[in-house]
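A short write-up of the structure that comes next.
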Amino acid sequence: MIASGDYTGDGTAEIAVFRPATGLWAIRTLTSFFLGANGDAAVSGDYSGSGTAAAGIFRPTNGLWAIEGTTRFYFGLAGDIPVPGDYDGDGRTDPGIFRAGASLWAARNLTHISFGAAGDWPVPADYDGDGTSDIALYREAAGGLWAIRGLSRIYLGATGDWPAPADLSGDGTARIAVFRPCSGLWAVRKITRLYFGNCFDWPRPADYDGDGTADYGVFRGLESLWSVRRVTRAYFGTADDIPATR
Numbered sequence: 042m043i044a045s046g047d048y049t050g051d052g053t054a055e056i057a058v059f060r061p062a063t064g065l066w067a068i069r070t071l072t073s074f075f076l077g078a079n080g081d082a083a084v085s086g087d088y089s090g091s092g093t094a095a096a097g098i099f100r101p102t103n104g105l106w107a108i109e110g111t112t113r114f115y116f117g118l119a120g121d122i123p124v125p126g127d128y129d130g131d132g133r134t135d136p137g138i139f140r141a142g143a144s145l146w147a148a149r150n151l152t153h154i155s156f157g158a159a160g161d162w163p164v165p166a167d168y169d170g171d172g173t174s175d176i177a178l179y180r181e182a183a184g185g186l187w188a189i190r191g192l193s194r195i196y197l198g199a200t201g202d203w204p205a206p207a208d209l210s211g212d213g214t215a216r217i218a219v220f221r222p223c224s225g226l227w228a229v230r231k232i233t234r235l236y237f238g239n240c241f242d243w244p245r246p247a248d249y250d251g252d253g254t255a256d257y258g259v260f261r262g263l264e265s266l267w268s269v270r271r272v273t274r275a276y277f278g279t280a281d282d283i284p285a286t287r
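Just so you know, the sequence shown maps onto residues 42 to 287 in this note's numbering.
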């Protein structure tokens, strides 16, 4: 899986936040710096193929991508949703966008295809273990429909659930999963159902202990709490921060 929260290249995800109001990035026990502005989206990823994630931002107002220490370029239009992933299997994160109103997926210098509709959640990940990010969407309004282009259509989830795909089995494939706020339910297709978290949490599954399997993790901004099941609890960030580990 392409590194998106491993900012040191050691195989473990770091706890990190992006503060849009000031452009602050803070990576726990490592560093803090400024990149971006209010309204930007955090798009960390391994854009160089080094095995280490770099901080990055996408600016929805004009399509600006800025990758820490690397490059700045424009890709996308106002209102696009950033969907970075490794769409060609070369070990590098590719900049990508989903334009819901036009059902358009586009990966820079790679492809343009039509898939999805307004209201869909884009959820690209490697669902078949071939080392390439698959184009996929989650349609909450259709009863929890997951549609993975060229692979599958299944139902998992309900109104209000957050899609949270990750390699939760350690076999190198992303598992279809949802997190249900308030009840704290995690439902992972063909694996498990468990409770971890509450109403105010952001689901942030990632490999926080370096064992090759994504851990169930949440960020509770109101308490500045990061909680990773059976791994750690740490206080880092504020209520206005966006968790920059995914």
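Glycine included, each C-beta is placed from N, C-alpha and C at the ideal position.
Nearest-angstrom Cβ-Cβ length linking residue i and residue j, presumed shorter than 8 Å
{"i": "residue 175", "j": "residue 190", "result": "6 Å"}
{"i": "residue 261", "j": "residue 286", "result": "With 8 Å as the limit, residue 261 and residue 286 do not qualify as a contact, their Cβ atoms being about 14 Å apart."}
{"i": "residue 83", "j": "residue 98", "result": "6 Å"}
{"i": "residue 197", "j": "residue 185", "result": "5 Å"}
{"i": "residue 88", "j": "residue 133", "result": "6 Å"}
{"i": "residue 181", "j": "residue 200", "result": "6 Å"}
{"i": "residue 93", "j": "residue 49", "result": "7 Å"}
{"i": "residue 69", "j": "residue 116", "result": "With a Cβ gap of about 30 Å, residue 69 and residue 116 do not count as contacting."}
{"i": "residue 137", "j": "residue 147", "result": "6 Å"}
{"i": "residue 256", "j": "residue 269", "result": "5 Å"}
{"i": "residue 230", "j": "residue 218", "result": "7 Å"}
{"i": "residue 221", "j": "residue 232", "result": "Their Cβ separation, rounded to whole angstroms, is 16 Å, which puts residue 221 and residue 232 out of contact at 8 Å."}
{"i": "residue 249", "j": "residue 238", "result": "The pair is not a contact, with the Cβ atoms about 15 Å apart (cut-off 8 Å)."}
{"i": "residue 214", "j": "residue 170", "result": "4 Å"}
{"i": "residue 179", "j": "residue 204", "result": "4 Å"}
{"i": "residue 104", "j": "residue 121", "result": "7 Å"}
{"i": "residue 79", "j": "residue 61", "result": "5 Å"}
{"i": "residue 243", "j": "residue 284", "result": "5 Å"}
{"i": "residue 76", "j": "residue 64", "result": "6 Å"}
Collapsed DSSP secondary structure at residue i in the structure displayed
{"i": "residue 46", "result": "coil"}
{"i": "residue 39", "result": "Here the chain covers residues 42 to 287 and nothing more, so residue 39 does not appear."}
{"i": "residue 141", "result": "helix"}
{"i": "residue 57", "result": "strand"}
{"i": "residue 199", "result": "coil"}
{"i": "residue 209", "result": "coil"}
{"i": "residue 262", "result": "helix"}
{"i": "residue 188", "result": "strand"}
{"i": "residue 147", "result": "strand"}
{"i": "residue 182", "result": "helix"}
{"i": "residue 173", "result": "coil"}
{"i": "residue 287", "result": "coil"}
{"i": "residue 245", "result": "coil"}
{"i": "residue 38", "result": "Shown here, the chain extends from 42 to 287; a query on residue 38 therefore has no answer."}
{"i": "residue 233", "result": "strand"}
{"i": "residue 67", "result": "strand"}
{"i": "residue 282", "result": "coil"}
{"i": "residue 51", "result": "coil"}
Identified DSSP bridge partners for residue i
{"i": "residue 221", "result": "226"}
{"i": "residue 123", "result": "138"}
{"i": "residue 269", "result": "258, 273"}
{"i": "residue 154", "result": "146"}
{"i": "residue 163", "result": "178"}
Residue-level contact to chain D via CB, residue i, 9 Å cutoff
{"i": "residue 69", "result": "The structure shown has no chain D; it contains just one protein chain."}
So, does the segment 122-141 touch the segment 151-170, judging by three or more C-beta pairs under 8 Å?
yes
Complete beta strand (DSSP E) runs within the segment 69-118 (minimum length 3 residues, chain order)
Entirely contained in the segment 69-118, the beta strand (DSSP E) runs reaching 3 residues are, in chain order, 72-75, 97-100, 105-108, 112-115.
Say whether the segment 56-73 touches the segment 268-285, bearing in mind that this needs 3 or more beta-carbon pairs closer than 8 Å, one atom from each stretch.
yes
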